[in-house]
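There are 10 protein chains.
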Amino acid sequence: MKREDLTEKLLDIKREKGWTWKHIHEAIGGLSPFLITAACLGQMKLPKAQAKRAAELFGLTEAEERMLNEPPYRGSIPSLPPTDPLIYRFYELVMVYGTTFKELIQEEFGDGIMSAIDFNMDMAREANNKGDRVKLTMSGKFLPYKYYGNDDDTPEYGFKEG
Amino acid sequence: MKREDLTEKLLDIKREKGWTWKHIHEAIGGLSPFLITAACLGQMKLPKAQAKRAAELFGLTEAEERMLNEPPYRGSIPSLPPTDPLIYRFYELVMVYGTTFKELIQEEFGDGIMSAIDFNMDMAREANNKGDRVKLTMSGKFLPYKYYGNDDDTPEYGFKEG
Amino acid sequence: MKREDLTEKLLDIKREKGWTWKHIHEAIGGLSPFLITAACLGQMKLPKAQAKRAAELFGLTEAEERMLNEPPYRGSIPSLPPTDPLIYRFYELVMVYGTTFKELIQEEFGDGIMSAIDFNMDMAREANNKGDRVKLTMSGKFLPYKYYGNDDDTPEYGFKEG
Amino acid sequence: MKREDLTEKLLDIKREKGWTWKHIHEAIGGLSPFLITAACLGQMKLPKAQAKRAAELFGLTEAEERMLNEPPYRGSIPSLPPTDPLIYRFYELVMVYGTTFKELIQEEFGDGIMSAIDFNMDMAREANNKGDRVKLTMSGKFLPYKYYGNDDDTPEYGFKEG
Amino acid sequence: MKREDLTEKLLDIKREKGWTWKHIHEAIGGLSPFLITAACLGQMKLPKAQAKRAAELFGLTEAEERMLNEPPYRGSIPSLPPTDPLIYRFYELVMVYGTTFKELIQEEFGDGIMSAIDFNMDMAREANNKGDRVKLTMSGKFLPYKYYGNDDDTPEYGFKEG
Amino acid sequence: MKREDLTEKLLDIKREKGWTWKHIHEAIGGLSPFLITAACLGQMKLPKAQAKRAAELFGLTEAEERMLNEPPYRGSIPSLPPTDPLIYRFYELVMVYGTTFKELIQEEFGDGIMSAIDFNMDMAREANNKGDRVKLTMSGKFLPYKYYGNDDDTPEYGFKEG
Amino acid sequence: MKREDLTEKLLDIKREKGWTWKHIHEAIGGLSPFLITAACLGQMKLPKAQAKRAAELFGLTEAEERMLNEPPYRGSIPSLPPTDPLIYRFYELVMVYGTTFKELIQEEFGDGIMSAIDFNMDMAREANNKGDRVKLTMSGKFLPYKYYGNDDDTPEYGFKEG
Amino acid sequence: MKREDLTEKLLDIKREKGWTWKHIHEAIGGLSPFLITAACLGQMKLPKAQAKRAAELFGLTEAEERMLNEPPYRGSIPSLPPTDPLIYRFYELVMVYGTTFKELIQEEFGDGIMSAIDFNMDMAREANNKGDRVKLTMSGKFLPYKYYGNDDDTPEYGFKEG
Amino acid sequence: MKREDLTEKLLDIKREKGWTWKHIHEAIGGLSPFLITAACLGQMKLPKAQAKRAAELFGLTEAEERMLNEPPYRGSIPSLPPTDPLIYRFYELVMVYGTTFKELIQEEFGDGIMSAIDFNMDMAREANNKGDRVKLTMSGKFLPYKYYGNDDDTPEYGFKEG
Amino acid sequence: MKREDLTEKLLDIKREKGWTWKHIHEAIGGLSPFLITAACLGQMKLPKAQAKRAAELFGLTEAEERMLNEPPYRGSIPSLPPTDPLIYRFYELVMVYGTTFKELIQEEFGDGIMSAIDFNMDMAREANNKGDRVKLTMSGKFLPYKYYGNDDDTPEYGFKEG
């Protein structure tokens, strides 16, 4: 059994039952909707309690329930760059604004990255009379590059004082 | 003259003067810091007034000022996937959560995309005693696929009523 | 069930019945022929009414009907660049004239894109005594890049007044 | 001398003089604006008369004038898929609608292609109160696959009579 | 049913029966052997009469016969560059002599291409006491780039008179 | 000095002098025009006598003359697949007809290849009232795969007797 | 039936029977062990006599026996560059020493190639007290580039006399 | 000025002076040798104190000193996969043992990653009478995936109790 | 039977039984846990004794047991660069520190590589109050490039005496 | 200074002087001709004595002499797969016979590789009345995979006794 077979099975059941993701979020519960969806799509694991409730909801075998609790081999896009327009627009943002992210995050935080692991996300509809907007809020822990052996205590955050 | 030569020139001046991006944002003004940085990095144009102030700040020729006002050939990442860890993490988010974005945006808004053109962004430091966090807020207009010729007025947003 | 399996099923039925696309367009109706074909090929969703009529025409299950109403993961070309000569010629047009599109659209409309989402298309045979021609008419909404924070009201469309 | 050096030179002069493409089209004349732009960008040759007028307009050497009259090695996009959003949208259209083009053109015309060589194009602004639209009209000669040795005169256009 | 499945079926029957291509060409007839082979390999369609005779020869269903009459999605090489040495040598010829083709065809014919659509081909054994040779004769219609809007009637074929 | 610099120099001189390839072929002589062009484009070496005459014609240094006599690192296409339409059509022929070449050459000659090394080529204009045609004649020595150790003398050419 | 299915079948039988390649070489005989292995792996054809003995050894159908006698579509590496370390080392040799091969073979033989078609190979264990060595002996016919039309009889092998 | 130009300059000076890395490590000091080397190669920034000492050692300008203190665009391999055998072997380890790393780290630590940011490394020579060995010790902070919204406190580390 | 099918079978059994890797290591024994895991994942062979115990543990057929004892075609990552974040971080280390590895290993050992074949590895949890760390210890035999024919006995390890 | 600039300089001098590789081998001496050529082409280092003699022969600076003594970043092929026919044939051998190498070397030696580091090579002309042959002899140390922790002394070389 491969994880993508399980994903296809879950989507087939969702379609046959006519469920929304919201319905699935409420039935599984105890975790951000964002994570529950990603787990059903084979990109995150479900913690044990949620895997159990998912198994009940979808009528899974014990092995399938355990698979939902395993960290999957991540990477959900069939080919890169993504050919689907909705997903491509995010990829485009990285291409166009990636170097801007780098400059501004580094000027504010110093040398390091925004974690994609200790990371949280939320999506909301932003009503707007010119057309509603998708509002995404991302929050990732800043992880500074560690300079092991550094005996110099001067803070190293860019040229702020420059 | 190529746009990347102009970008390199601006970064050389910034480094020689010891300027921060914040200093550049304030000197140019009248536009989100996010856009001013992207324009200096050759990814956005500067409107005429800003291009003029940038030309004064950096001491540019008239042709360079005009080039700043031209829409550039966008795409700032030297190679894809990006090799720089800070930028790669955003790429990773698209790979891991791209299909989740698709499912949740479509369930909420119907078939369409979040615009990367009518798009705004903000970055803030989120103080946290386990380590500060990078908070990014993105807001893009939702653009529904137009179904020309559709004579059916039933709303088409997923299976909400299902 | 994957969307490409459904596409293959529809094409098998079309072949077995000896139907033309025109026959399918008329049977499903209420939408541009262009969109109905794209939906059958797994690139667009069919609105609910059309999905229902398609299900009747092709004898589909309820789950298959629902799948036709879902926004698909788009991208119909088996590999890129396309190896099929008919499709490749369009790709070639992008390679050869892409920068021309960029210059001329930007000079006329300013910085932005032609939408591939709010987009309509039509194909017609153009009789010509040197050999008939394929006439394609495309119409996409122009989406200007939004310069958030811009406090400058001067129109920014190229150097028209220059 | 390489063709891209000549292209860069022309764009530098255009920027320094503050010319629009329209100004260049009128000065060179006698050819569709679409083709003059493509030739300046190194994708088409200029016929001799136009190359002569271009040389006068831009102040070129005789060798540069001759280069403008040579068929260039075509292919204008720095990398593929194109990273620039305006050009990418056209590429996306090929990916999403390429198989639809194939089905509909073949049903109407039989087995063959739309020429990208005997090809004409026009762009116009389409006023629209929901936002102006870019209207592109393409017309390419249909070239049927020749079935040499075919001794059968039955027309071969799909299953129209089916 | 996919076209490659049909191709595999035809090759299986050919192998089981111990047929040569020559046998198949004679049985189907009315078309160049070159085209009949390409159609059996899923790269060309067979006209209706030939598809009918092929169906009789191979014992195909009506749907398979119709599929033989459809223009296929062309592109027969499993991966590119081709790994098979016989086919690779042709690819090598394009890499080594491609620019020579371009220079010589353009000097003789002007700006344009040799059609791969209105195209014919023949292969013959050329006896030679140093080892027999493969002789390929290709003939493709020259298609000149059309310079729409060109008001200049001077022929544009290179510098012949230079 | 790189070979491509020498190629660029030769093309610059050809353009400045307004020479045709025909003129160059006649001036260098003693070798097929096809090979002389390929050598000038950096894909073949010129034998010593021809290199000497080329050096006189173009006014080259002794080192440049020697470089013309060296076997170059072959491969003339800037990127693959070729983006130039004229050259791409040849590439397309390989993609579409490559497997046909394999089947027909093997049936006639047995297991082996058509040499791209002991290879000759000719191009001619074929007058045709529907539009002139490019006629290419290729002749390459057939090279059979050697089955070392084979103690079986039965000819191995397919199933001809089958 | 595809050739890779036949390869998989042969390897399954070899494993089930616990045979070595040496056993298979002896049972099939009459051809270099190197070629018999390559044929079983789907990269070479077996001559008729050997295909017959292979069919007896492995218990194949008549169609499978015939397939063993067909020239396969060659190219045995699942992806390139090869990920398997043993095979990669050979690939590495080409990358590191490829240009050295070119210089030394050309200085000795003139412009041409070492044939990979009229080619023989042998592997032996070379006892060595620092660790045994793999000794590979390759012998390929030198194929000189033919300079058709060359009326100059001076030998053209590099600068030997220089 | 680009970072790779600065790297080339540092390596030129190192070569001209005949310095070892050890000499450079001692002269700059206050940081792991591993990081100092990486910074000189353009992959890490040097903290301010070290950048100052490096500027003295190599005789750099103030702008070059500041550039050493900037986080570089990381990614040091000219092309991927790496063609250099020493570096390739590490790449091979990832290909062969990557999935093993994933299984064993996850079983021990749960779902997450080993940080490449909060990461330290050491290399030592391990004397061995069969040939000395390279000993690398890597230590990276384990970063668990955060399951925001998880209201379940059961530890989630694989099936340890299973 | 393909090796990946066997891997999938082993993982299915592991999941159904609820076994840990530790349990499997103990049951098979006599080899580093690191190697046993890699063998189960299809990247290493198991020696005969271990293959036998694995066959007993998992209930395998004799052919499956033999397959476990065969050297597999190595390369475990579904696509490269790896999309899974845990594995990608190792790939990132190669990209960022690969050139540093090269410089430091070569300065210490001379020209050569760290073997990925005579290679050992260990993983341990390193308790740390800022968060536990993954500690990896790698040890690979240094393999010096052999300079055959070198009659010079001067040690060649960089410029240490410089 | 980059290594490829030094390579270009050496080849320019070789061409200007009209030297053969044989001349260079004799002048530098004390090392296999194969290695001297590879070092001049930037793929191997020259030991100190040879670097000194090369510096005298070519008239190099001290820094250039030192660069010749540094292990280069290896990988000599401009792009992969190689486009030059002579080099490509070796690449083709890896593609066609790579899996055969794997099977036969492993059956003879067990699980491991042929070293590309402790590796020697020789080329000779093999007179043959059907055309001379290139004879390459390669000899690489066999490196067995080390199975650390293996407590089983049974030899593991395939199924020889099977």
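Residue numbers (the UniProt record's numbering), protein chains in the order written: chain A, 1 to 162; chain B, 1 to 162; chain C, 1 to 162; chain D, 1 to 162; chain E, 1 to 162; chain F, 1 to 162; chain G, 1 to 162; chain H, 1 to 162; chain I, 1 to 162; chain J, 1 to 162. All C-beta atoms, glycine included, are put in the ideal place defined by N, C-alpha and C.
State buried or exposed for residue i, treating a residue as buried only when at least 16 other CB atoms are found within 10 Å of its CB.
i                : result
Thr99 (chain A)  : buried
Glu16 (chain J)  : exposed
Arg89 (chain J)  : buried
Gly42 (chain D)  : buried
Glu56 (chain I)  : exposed
Ser115 (chain E) : buried
Glu92 (chain F)  : buried
Thinking just about the alpha-carbon of each residue, which of the options is nearest to the one in residue i?
i                     : options                               : result
Val94 (chain F)       : E:Asp84, E:Lys102, E:Leu57            : E:Asp84
Glu108 (chain C)      : D:Gln43, D:Ala127, D:Glu56            : D:Ala127
Ser139 (chain F)      : F:Asn120, F:Lys52, F:Lys146, F:Gly59  : F:Asn120
Lys47 (chain B)       : B:Glu8, B:Asp118, B:Pro71             : Going by the sequence as given, residue 47 (chain B) is Pro instead of Lys. Ranking B:Glu8, B:Asp118, B:Pro71 by Cα distance to Pro47 (chain B) puts B:Pro71 first.
Leu6 (chain J)        : J:Leu57, J:Tyr97, J:Cys40, J:Ser32    : J:Cys40
Leu60 (chain D)       : D:Tyr91, D:Leu35, D:Lys9, D:Glu103    : D:Lys9
Met1 (chain G)        : E:Met1, E:Arg3, E:Ile13, E:Lys2       : E:Ile13
residue 202 (chain J) : G:Leu104, G:Met123, G:Lys22, G:Asp122 : Not covered by the structure: residue 202 (chain J). The range shown for chain J is 1 to 162.
Ala27 (chain D)       : D:Arg125, D:Leu11, D:Phe58, D:Arg3    : D:Phe58
Asp111 (chain F)      : F:Lys146, F:Asp118, F:Ile117          : F:Lys146
Going straight from the alpha carbon of residue i to that of residue j, what length do you get?
i                : j                : result
Thr137 (chain J) : Val134 (chain G) : 10 Å
Asp132 (chain F) : Phe142 (chain E) : 6 Å
Gln106 (chain C) : Lys130 (chain C) : 35 Å
Ile113 (chain E) : Arg53 (chain C)  : 46 Å
Phe101 (chain G) : Lys45 (chain F)  : 18 Å
Pro144 (chain F) : Tyr148 (chain I) : 37 Å
Ala49 (chain I)  : Gly18 (chain G)  : 16 Å
Ser32 (chain D)  : Gly29 (chain B)  : 41 Å
Thr20 (chain I)  : Thr37 (chain I)  : 11 Å
Asn150 (chain D) : Leu35 (chain E)  : 10 Å
Arg125 (chain E) : Arg125 (chain C) : 44 Å
Leu11 (chain A)  : Arg3 (chain C)   : 12 Å
Pro82 (chain H)  : Val96 (chain E)  : 27 Å
Ile87 (chain J)  : Ser79 (chain J)  : 11 Å
Glu62 (chain I)  : His23 (chain G)  : 20 Å
Taking DSSP as the reference, what is the three-state secondary structure of residue i?
i                : result
Arg15 (chain C)  : helix
Gly140 (chain J) : strand
Gly110 (chain A) : coil
With a threshold of 8 Å, are at least 3 pairs of Cβ atoms found where one atom belongs to the region 72 to 86 of chain A and the other to the region 53 to 66 of chain C? No, they do not touch.
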